[in-house]
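One structure is given below, encoded as structure tokens.
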Amino acid sequence: PWTSSGGSFRLAREIGFDIAHYAKNIHHKNGKVTFLEIGAAWAGFRAEECAGHQATISGLSGEFREQLGESVFLHFTNLTPWHASLPKGVTEHPYVTAAGLGALENRGVQAGEVDIIYSQAAAYFEQDYTAFLRSAARLLKEDGVLIFNHDPVLASAMDEVAWEHGLRLVRRKQMGGMNGAIARYHRLRSSPVSQMVFPGVKRAEDEEVVCESLVMSALRRNVEV
Numbered sequence: 513p514w515t516s517s518g519g520s521f522r523l524a525r526e527i528g529f530d531i532a533h534y535a536k537n538i539h540h541k542n543g544k545v546t547f548l549e550i551g552a553a554w555a556g557f558r559a560e561e562c563a564g565h566q567a568t569i570s571g572l573s574g575e576f577r578e579q580l581g582e583s584v585f586l587h588f589t590n591l592t593p594w595h596a597s598l599p600k601g602v603t604e605h606p607y608v609t610a611a612g613l614g615a616l617e618n619r620g621v622q623a624g625e626v627d628i629i630y631s632q633a634a635a636y637f638e639q640d641y642t643a644f645l646r647s648a649a650r651l652l653k654e655d656g657v658l659i660f661n662h663d664p665v666l667a668s669a670m671d672e673v674a675w676e677h678g679l680r681l682v683r684r685k686q687m688g689g690m691n692g693a694i695a696r697y698h699r700l701r702s703s704p705v706s707q708m709v710f711p712g713v714k715r716a717e718d719e720e721v722v723c724e725s726l727v728m729s730a731l732r733r734n735v736e737v
């Protein structure tokens with residue numbers, strides 16, 4: 513029932529990821545945080561939605577009211593303009609699809625500067641997932657997080673492409689129906705070869721789930737190297 517986003521962070525909560533909490537931790541640690549949502553629609557800013565939609569960009573803007581535009585930057589895309597005005601530090605980027613995220617580099621979003629990229633439904637319908645994953649990986653900081661839902665049939669192919677572009681699968685949860693599967697990737701700190709994951713080896717908290725296809729991909733690359 514929640515395939516259409518409307519700016520909700522519910523999809524992230526389904527895999528145990530609290531965007532607001534994570535953003536606060538990043539801001540506390542680094543003194544700055546940049547968030548990007550793909551296809552946020554009203555992003556919680558429509559008057560009748562504000563009261564019940566704290567888990568949205570609108571909710572984040574309230575949490576970081578004093579830091580907005582200074583050390584907190586909230587970006588979101590839409591296929592067309594939805595907002596006549598927004599708070600300082602909150603920016604809508606119309607006419608940008610998931611595959612076209614690279615265009616944001618000409619709109620004030622610098623490569624390697626985004627801490628969290630999130631999409632509920634919008635990326636699901638993106639046919640050019642290679643361009644999407646490549647652009648997302650380029651925008652993310654090292655250790656940056658990418659969360660979105662997708663057609664489960666594409667899981668293995670997406671994992672291969674993600675790995676090629678420096679993204680490591682951390683968790684995937686099957687939701688069924690039009691919600692498909694939720695994937696969470698992290699941006700590698702260095703080249704994929706140095707970050708290979710092998711069966712039976714665990715690292716830190718973020719190694720919740722490593723898909724079989726990613727492990728096999730790492731093993732193949734180890735042989736080639």
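To convert, take the position in the sequence shown, counting from 1, and add 512; that gives this note's numbering.
Ideal Cβ placement from N, Cα and C applies to all residues, glycine included.
- Contact between His595 and Arg646 does not hold, since the beta-carbon distance rounds to 28 Å and is not under 8 Å.
- Under the three-state reduction of DSSP, Lys653 is assigned to strand.
- One thing to note: Ile628 has its Cβ no nearer than 8 Å to the Cβ of Val584.
- When the alpha-carbon of Phe576 is set against those of Ile531, Met687, Ala623, Thr642, the nearest one is in Ile531.
- Taking all protein chains in view, the Cβ of Ser597 is surrounded by fewer than 16 other Cβ atoms within 10 Å, so the residue is classified as exposed.
- Shown here, Val621 sits in coil according to DSSP, grouped into three states, outside any helix or strand.
- Where Asn542 is concerned, the enclosing alpha helix (DSSP H) starts and stops at 531–542.
- DSSP places Pro599 outside both helix and strand once states are collapsed to three, so it counts as coil.
- With contacts defined as CB atoms closer than 8 Å, Ala693 and Lys685 qualify as a contacting pair.
- Contact annotation: Ser573 and Val608 have beta-carbon atoms that are not nearer than 8 Å.
- The C-alpha of Gly612 is placed about 20 Å away from the C-alpha of Glu672.
- With contacts defined as CB atoms closer than 8 Å, Phe529 and Arg696 qualify as a contacting pair.
- For Ser583, there is no enclosing alpha helix (DSSP H), as DSSP marks it with neither H nor E.
- By the criterion of a C-beta distance shorter than 8 Å, Gly543 is surrounded in its chain by Ser583, once the five residues flanking it on both sides are discounted.
- Between the alpha carbons of Glu625 and Met687 lies a distance of about 30 Å.
- Each residue's CA atom was taken as its position, placing Glu578 and Lys600 some 10 Å apart.
- Annotated as proximal: His605 and Thr589, with beta-carbon spacing under 8 Å.
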